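Okay, structure first, notes after.
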Ligand SMILES: Nc1ncnc2c1ncn2[C@@H]1O[C@H](COP(=O)(O)OP(=O)(O)OP(=O)(O)O)[C@@H](O)[C@H]1O
Ligand SMILES: [Mg+2]
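This is the structure in structure tokens:
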């Protein structure tokens, strides 16, 4: 829709995890380096955790893109129990037949598969995304799979990625044996303010557009509203581009982002985390919402005043949302 207007080859802020857009700021760089390290050093279990939308799946996809012929990878991306037993998922991940639901037979089949790969000089890696959904029982089953060995070599490496509940789950005493086998682990944190601006520029350039399309205060404001979480940054940037396009603008000003965020929060579908109702008293839910929204607007205005002062741009962007477009 707005691609032509801004000169993009494709949409810069899609919500799918696409390694072509990979941005390696300090945090993601450490994350991918540790994943590579775990893979190369034959770590039994590698664990990547991070907040929702922080970029775990993106890093896993990048890792999988990099693996050579000597590594056989199986990927499980949905671990919900209602989808069947774990051994069936493991079989599917490696393209093995699932002719039975007997765990013992599936285990045996998989052990044979591991031995055959080993005989061919290949290593086998099972990657489990969304691992926060795994039951303790399944984690224990995975641990047992990493016990399968030939001579002194362990035949299966595990890479698990999941939301913070995975980390909490692994702290339970019953999983101590599992945890002792984790050789590498990393928690992916959201981007900082400067990194957010770099991330935005990186995606703009990768999509064939100009860097600096979002003005510096707009980038600060996007960091403030998204908490630095890439998926939320993408959502805010994408919608801001639509608003800027509709207004016939060539750059995205903080005014546009501010108007968009307030409008979408008001309409109720966006920014659940932005509204804070704590300590507010009201006679009806509608009044409570109104007060929450007023508070969000006040806080955003205050934030912008500070960001403008910080960046020495106070004269360009009016902080109260009423100023001329920058
Ligand atoms: N380092 C990065 N470079 C480029 N884009 C990124 C990066 N990290 C995250 N993103 C983008 O943010 C969005 C969310 O990323 P991703 O799906 O990888 O997050 P996640 O941590 O797996 O989320 P969930 O907890 O929901 O599984 C995607 O659109 C992805 O393209
Ligand atoms: Mg994911």
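Residue numbers (my numbering): 7 to 332. The beta carbon of each residue, even a glycine, is placed where N, CA and C say it ideally should be. Remember, predicted model here, so these are calculated numbers, not experimental data.
Pair within 9 Å by beta-carbon distance, residue 28 and residue 165: Here residue 28 corresponds to residue number 22 of the chain shown, with the count starting at 1. Here residue 165 corresponds to residue number 159 of the chain shown, with the count starting at 1. Not in contact: residue 28 and residue 165 (Cβ atoms no closer than 9 Å).
Status (buried if at least 16 other CB within 10 Å, exposed otherwise) for residue 15: Numbered from its first residue, the chain shown carries residue 15 at position 9. Classification for residue 15: exposed.
Opening and closing residue of the alpha helix (DSSP H) in which residue 257 lies: Numbered from 1 along the chain shown, position 251 holds the residue referred to as residue 257. Per DSSP, residue 257 belongs to no alpha helix (DSSP H) and is neither H nor E.
Residue 97 versus 113, 184, 153, residue with shortest Cα-Cα distance: Along the chain shown, one-based indexing puts residue 97 at 91. The shortest C-alpha separation from residue 97 is found at 113.
Nearest neighbour of residue 75, chosen from 129, 157, 95 [CA to CA]: Numbered from its first residue, the chain shown carries residue 75 at position 69. Of the listed residues, the one whose Cα sits closest to residue 75 is 129.
9 Å Cβ cutoff met for residue 162 and residue 134: Position 156 of the chain shown, counting from 1, holds the residue named residue 162. Position 128 of the chain shown, counting from 1, holds the residue named residue 134. No, these two residues do not count as a Cβ contact at 9 Å.
Cβ contact (3+ pairs, closer than 8 Å) linking the stretch 210 to 228 and the stretch 168 to 183: no
Any non-hydrogen atom of ligand 1 closer than 8 Å to residue 29 Cβ: Position 23 of the chain shown, counting from 1, holds the residue named residue 29. Residue 29 Cβ: within cutoff of ligand 1.
Beta-bridge pairing of residue 311 - partner residues as DSSP gives them: Within the chain shown, residue 311 is the residue found at index 305, counting from 1. According to DSSP, which records beta bridges pairwise, residue 311 is partnered with nothing at all.
Backbone secondary structure at residue 219 - three-state DSSP: Here residue 219 corresponds to residue number 213 of the chain shown, with the count starting at 1. Residue 219 falls in the coil class under three-state DSSP.
Residues of its chain near residue 109, where Cβ-Cβ distance is below 7 Å and the 5 sequence neighbours each way are ignored: What you label residue 109 is simply residue 103 of the chain shown in a count that begins at 1. Excluding sequence neighbours, residue 109 sits near 91, 93.
CB contact flag (residue 167, residue 136, <9 Å): As a first step, residue 167 is located in the chain shown; it is residue number 161 there, counting from the start. As a first step, residue 136 is located in the chain shown; it is residue number 130 there, counting from the start. Against a cut-off of 9 Å, the Cβ pair of residue 136 and residue 167 comes out as a contact.
Neighbouring residues (CB closer than 6 Å to any heavy atom of ligand 2): 62, 63, 135
Inter-residue spacing [alpha-carbon to alpha-carbon] between residue 253 and residue 246: Counting from 1 along the chain shown, the entry for residue 253 is found at position 247. Counting from 1 along the chain shown, the entry for residue 246 is found at position 240. Each residue's Cα considered, the two are about 11 Å apart.
Separation of residue 32 from residue 316, as counted between CA atoms: Against the chain shown, residue 316 aligns to sequence position 310. Against the chain shown, residue 32 aligns to sequence position 26. Distance between the alpha carbons of residue 316 and residue 32: 23 Å.
beta-carbon residue 240 near ligand 1 non-hydrogen atom, thresh 8 Å: As a first step, residue 240 must be located in the chain shown, where it is residue number 234. Yes, ligand 1 has a heavy atom inside 8 Å of this Cβ.
Member of 38, 10, 52, 273 whose CA lies at the smallest distance from the CA of residue 190: What you label residue 190 is simply residue 184 of the chain shown in a count that begins at 1. Here the closest residue by C-alpha is 52.
Supposed close pair residue 309, residue 230 - CB separation, criterion 8 Å: Taking the chain shown and counting its residues from 1, one reaches residue 309 at position 303. Taking the chain shown and counting its residues from 1, one reaches residue 230 at position 224. Contact holds; Cβ gap of about 5 Å.
Cα-Cα separation, residue 19 to residue 85: Within the chain shown, residue 19 is the residue found at index 13, counting from 1. Within the chain shown, residue 85 is the residue found at index 79, counting from 1. Approximately 27 Å, taken between the alpha carbons.
Contact check, residue 216 vs residue 13, beta carbons under 9 Å: Start at 1 with the first residue of the chain shown, and residue 216 comes out as number 210. Start at 1 with the first residue of the chain shown, and residue 13 comes out as number 7. Yes, they are a contact pair.
Limits of the unbroken alpha helix (DSSP H) element including residue 143: One-based indexing of the chain shown puts residue 143 at position 137. Looking at the DSSP string, the run of the alpha helix (DSSP H) that includes residue 143 is 142 to 152.
Heavy atom of ligand 1 within 8 Å of residue 58 beta-carbon: Here residue 58 refers to the residue found at position 52 of the chain shown. Under cutoff, so the answer is yes.
Sequence-distant residues of its chain with Cβ nearer than 7 Å to residue 199 (five each side left out): Here residue 199 is taken as the residue at index 193 of the chain shown, counted from 1. Closer than 7 Å at Cβ, skipping near neighbours: 226, 229.
Chain-order list of residues whose beta-carbon lies under 6 Å from that of residue 138 (same chain, five-residue window excluded): For the purposes of this step, residue 138 is identified with residue 132 of the chain shown, where counting begins at 1. Counting only Cβ-Cβ distances below 6 Å, and skipping sequence neighbours, we find 168, 169, 171, 172.
Coarse secondary structure for residue 82, derived from DSSP in three states: If you number the chain shown from 1, residue 82 lands on position 76. Three-state result, residue 82: strand.
For residue 48: DSSP bridge partner residues: On the chain shown, residue 48 is found 42 positions in, with the first residue counted as 1. Paired residues: none, contrary to the question.
Beta-carbon separation (whole angstroms), residue 311 vs residue 282, contact threshold 8 Å: Against the chain shown, residue 311 aligns to sequence position 305. Against the chain shown, residue 282 aligns to sequence position 276. Actually they are not in contact, since the Cβ atoms of residue 311 and residue 282 sit about 19 Å apart, beyond 8 Å.
Burial state of residue 7 (16 or more Cβ within 10 Å): For this step, residue 7 is matched to residue 1 along the chain shown. Result: exposed.
Simplified DSSP state of residue 235, which is helix, strand or coil: The residue labelled residue 235 in the question sits at position 229 within the chain shown. Coil.
Exposed unless 16 or more other CB atoms sit within 10 angstroms - verdict on residue 325: Here residue 325 refers to the residue found at position 319 of the chain shown. Per-residue confidence for residue 325 stands at a pLDDT of 42, beneath the threshold of 50, marking its modelled position as unreliable; the derived number appears in the next sentence. Residue 325 is buried by the Cβ-count criterion.
Classification of residue 201 by the beta-carbon crowding that lies within 10 angstroms, buried from 16 upward: The residue you call residue 201 lines up with position 195 of the chain shown. So residue 201 counts as buried.
Length of the line joining the Cα atoms of residue 177 and residue 111: To locate residue 177, count along the chain shown from 1; it is residue 171. To locate residue 111, count along the chain shown from 1; it is residue 105. Approximately 31 Å, taken between the alpha carbons.
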